[in-house]
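In the working numbering, the protein residues as written are 497 to 784.
We put the beta carbon where it would ideally sit given N, CA and C, even for glycine.
Owing to the predicted nature of the structure, the values given are computational and were not obtained by experimental measurement.
Notes follow once the structure below has been shown.
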Amino acid sequence: MSDPKIGFIGFGEAAACIAEDLAAEGGCQITAFDIRPRPDLSGVTMAETMEDLLAASDIVFAAVTCTVALDVANQAAPHLGGRHLYVDINSVSPDTKIAVGRLVSEAGARYVEAAVMAGVPGFGHKVPMLLSGEAAGDLIEAMTPLGMDLEDFGPELGRASALKMFRSIMVKGMEALFQECVLGADHYGVAKKVLDSVGDGYPGVDWDQMAHHLIGRTAIHGERRAHEMLEVAYTLRAIGIEPMMAEATARRIQWAADKGLKETFPGDAPKDYRDVIKAIRAFDDKNG
């Protein structure tokens, strides 16, 4: 596909980052639609309605919050047709991905389930994505020349999302554990000693540096990560596994997000977990 017409439904941080890099890459036309006002981005045309967005696009990336992914697909379906390739990159359960795929297919469009396997700000449009669905090859053919890192995980829907969901139990579970550990340990001034002690039992990892990285990252992306863990909990419960750890992770991460951390650190993630602890304590002191 020469000069593909690419659209983004939802234009938050992840979508804007991918779009900006694709625009810099050149060789494509980019349109975006979001219900919230968004600043202009060089190389991206903002559509006034979803219908306008879909009329201007052949490859459509749905990048909305996980709670509305299915609703957005419902809204898009009447305007989809055979020329469209609908790519769902939302962090939702396998069941939701399958339901979105059914809606898109019934509308006559092609559907690709995509699991984003790393933080978008660090990679831009080259962030690794795992794809499921019979049309995965079509997306790879169109977007690989533009630098995207796409892997075909097979035609069965739900598998890419399942891999990401269960990986998140480990990754975001560690974020929650580190957060709770250093919050308590710092109260007694022993956080560094605690992490050094952990390292004695699990050598080869800089546990102090990992704490800085994971707690800083969670500080600015906490709400989205907590919502994703609720999707993980839903996924586990649907297959008969009580999501004790997933729900606890969501609670801990959301607790911190509710302390106004994203507003305190509006740019890059803080580099030092002690800055996050100070921000949490300042919030608590201010709000009683």
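For this session: Along the alpha helix (DSSP H) that carries Phe-557, what are the first and last residues, could you check?
Result: That residue, Phe-557, is in no alpha helix (DSSP H); its beta strand (DSSP E) goes 555-558.
For this session: Could you check if Lys-782 is buried or exposed, using at least 16 other CB atoms within 10 Å of its CB as the buried criterion?
Result: An exposed status is given to Lys-782, since fewer than 16 other beta-carbon atoms sit within 10 Å of its beta-carbon.
Exercise. Can you name, in chain order, every residue of its own chain whose Cβ lies under 7 Å from the Cβ of Gly-695, other than the five neighbours on each side?
Worked result: The beta carbon of Gly-695 sits closer than 7 Å to those of Val-701 and Trp-703, all from its chain and outside the five residues before and after it, given in chain order.
Exercise. How about Ala-572 and Val-556: do their beta carbons lie closer than 9 Å?
Worked result: Yes. Within cutoff.
For this session: Quick one: residues in its chain with C-beta nearer than 7 Å to the C-beta of Asp-780, no 5 flanking neighbours on either side, listed in chain order?
Result: Here the set comprises nothing.
Exercise. So what does Gln-705 bridge to, in DSSP terms?
Worked result: Bridge partners of Gln-705: none, in fact.
Problem set entry | Residue from Ala-752, Lys-767 and Asp-764 whose Cα sits closest to the Cα of Ala-778 | Looking from the CA of Ala-778, the closest CA among Ala-752, Lys-767 and Asp-764 belongs to Ala-752.
Problem set entry | Length of the line joining the Cα atoms of Gly-763 and Gly-718 | Their Cα atoms are separated by approximately 14 Å.
Problem set entry | 8 Å contact criterion, which Leu-653 and Gly-597 should meet: CB distance rounded | Contact flag correct, Cβ pair sits at about 5 Å.
For this session: Note down the Cα distance separating Cys-677 from Ser-587, rounded to an integer number of angstroms.
Result: Each residue's Cα considered, the two are about 27 Å apart.
Exercise. For the candidate residues Ser-628, Cys-524, Ile-526 and Lys-689, whose alpha-carbon lies nearest to that of Glu-609?
Worked result: Answer by Cα proximity: Ser-628.
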